[in-house]
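To convert, count from 1 in the sequence shown and add 178; that's the working numbering.
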Amino acid sequence: MNDPVTMPEPAEHQKIDTSVPHSARIWNYWLGGKDNYPVDEEAGDAYTAVFPGIVTIARSSRAFLRRNITHLVSEAGIRQFLDVGTGLPTAQNTHEVAQQLAPEARIVYVDNDPMVLAHARALLYSTPEGATAYIDANVTDPDRILEAAAATLDFDRPTGLILSNILGHVADYDQARSLVTRLMDALPSGSYLSINDGSRGIDPDFEQAQDAYNNSGAVPYNLRSVEEITGFFDGLELIEPGVVPVTQWRPEPGESAPDVIAEHGGLARKP
179 MNDPVTMPEP AEHQKIDTSV PHSARIWNYW LGGKDNYPVD EEAGDAYTAV
229 FPGIVTIARS SRAFLRRNIT HLVSEAGIRQ FLDVGTGLPT AQNTHEVAQQ
279 LAPEARIVYV DNDPMVLAHA RALLYSTPEG ATAYIDANVT DPDRILEAAA
329 ATLDFDRPTG LILSNILGHV ADYDQARSLV TRLMDALPSG SYLSINDGSR
379 GIDPDFEQAQ DAYNNSGAVP YNLRSVEEIT GFFDGLELIE PGVVPVTQWR
429 PEPGESAPDV IAEHGGLARK P
């Protein structure tokens, strides 16, 4: 295994606030992880009391990401990944899926949460042939992300950009679109964009639960219409079946999940 990459100092020493729920820790709780606190469990339980389907969304989102990465490595020949807003490590992280198929794959993770950074060592182990690195940066600072990622990734080679359940944290839609554009502009032809986010207009119970969560004092997460999620891929070539509920994006034989789910995603190629 590679030695862990040196981490930026400032965020590691920020105090982890356990008095308010945190989306990454709640997501970890729903996925069956242990990296959360009672306040996160309470918020997660309150959410599932209104909308039990959120657990299915969380797990289906992870399965969608795994299928995207598998396609990119096995069918598109991608060997570099920039995963922005990765969250807490759970099962089937990007580098684990990619390097199992292509040990030489190189992955850069991006997040700016102190608890995520505290657990980053679990993400930073790589195959000897490949590499993993971690960047302390916010999705709203794409220039910092690109500058730091260039130490590990070669931006003259096609790269897979992953934005999984992160753009909902950018309240302004136009700003979110501009961030996607800035990141994709730095990648060459043949690169890919993978996005999945919670969708509005599908399930009223989901929207009620999300609105209550946003009013709890936690960092809000904004659901978007399917049309808005599709708009993130403007100028790119969507891979079939396009932007669909994540359970409908190339499901594998034997996978069981509802066809209609309030989480949409897609994968597109930069021409």
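The C-beta atom is built at its ideal place from N, Cα and C for all residues, glycine as well.
With residue i as the anchor, note down where its alpha helix (DSSP H) starts and where it stops.
i: L370; result: It is worth fixing the name first, because residue 370 is Tyr in this sequence and not Leu. That residue, Y370, is in no alpha helix (DSSP H); its beta strand (DSSP E) goes 370-376.
i: N206; result: 201-208
i: Y460; result: Given that the chain is displayed from residue 179 to residue 449, the structure contains no residue 460 and the question cannot be resolved.
i: I194; result: It is not in any alpha helix (DSSP H) - I194 carries neither H nor E in the DSSP assignment.
i: N392; result: 382-392
i: R322; result: 320-327
Could you compute how far the alpha carbon of residue i sits from the alpha carbon of residue j?
i: S372; j: S342; result: 7 Å
i: R335; j: F229; result: 42 Å
i: V198; j: W205; result: 14 Å
i: G376; j: P366; result: 28 Å
i: A221; j: D213; result: 14 Å
i: G255; j: E418; result: 17 Å
i: T184; j: T330; result: With a pLDDT of only 37 at T184, under 50, the local geometry of the prediction cannot be trusted, and the value read off the model is given with reservation. Answer to the nearest angstrom: the Cα atoms are 13 Å apart.
i: P382; j: A440; result: 10 Å
i: Q386; j: F242; result: 24 Å
i: L401; j: H297; result: 27 Å
i: Y215; j: Q388; result: 20 Å
i: M179; j: A280; result: Confidence at M179 is low in this model, with a pLDDT of 39, below 50, so the placement of that residue should be treated as unreliable; the coordinate-derived value is given next. Answer to the nearest angstrom: the Cα atoms are 15 Å apart.
i: D314; j: I380; result: 34 Å
i: E282; j: A227; result: 44 Å
i: F411; j: A446; result: 7 Å
i: D289; j: H273; result: 15 Å
i: W427; j: S201; result: 24 Å
i: Y225; j: D261; result: 27 Å
i: V294; j: V348; result: 19 Å
Give me whichever residues DSSP pairs with residue i in a beta bridge.
i: V288; result: V262, I313
i: I340; result: D261, S372
i: V422; result: G443
i: L365; result: L365 is not bridged to any residue.
i: L416; result: A446
i: R402; result: S377
Which two residues bound the contiguous beta strand (DSSP E) that contains residue i?
i: L445; result: 441-447
Quick test of your reading: residue i and residue j, contact by CB under 8 Å. State the CB separation rounded to the nearest angstrom.
i: G231; j: F384; result: 7 Å
i: R355; j: G409; result: 6 Å
i: G443; j: V424; result: 5 Å
i: V421; j: V404; result: 6 Å
i: Y312; j: L302; result: 6 Å
i: V250; j: Y370; result: According to the sequence as given, residue 250 is Leu; it is not Val. Between Y370 and L250 the Cβ distance is about 6 Å, and since that is below 8 Å, they are a contact.
i: I247; j: A269; result: At roughly 13 Å, the Cβ-Cβ gap does not stay under 8 Å, so I247 and A269 are not in contact.
i: V535; j: A327; result: Because the chain in this structure spans residues 179 to 449, residue 535 falls outside the shown range and cannot be described.
| In chain order, which continuous runs of the alpha helix (DSSP H) of length 4 or greater are located wholly inside the stretch 209-275? | 216-228, 232-252
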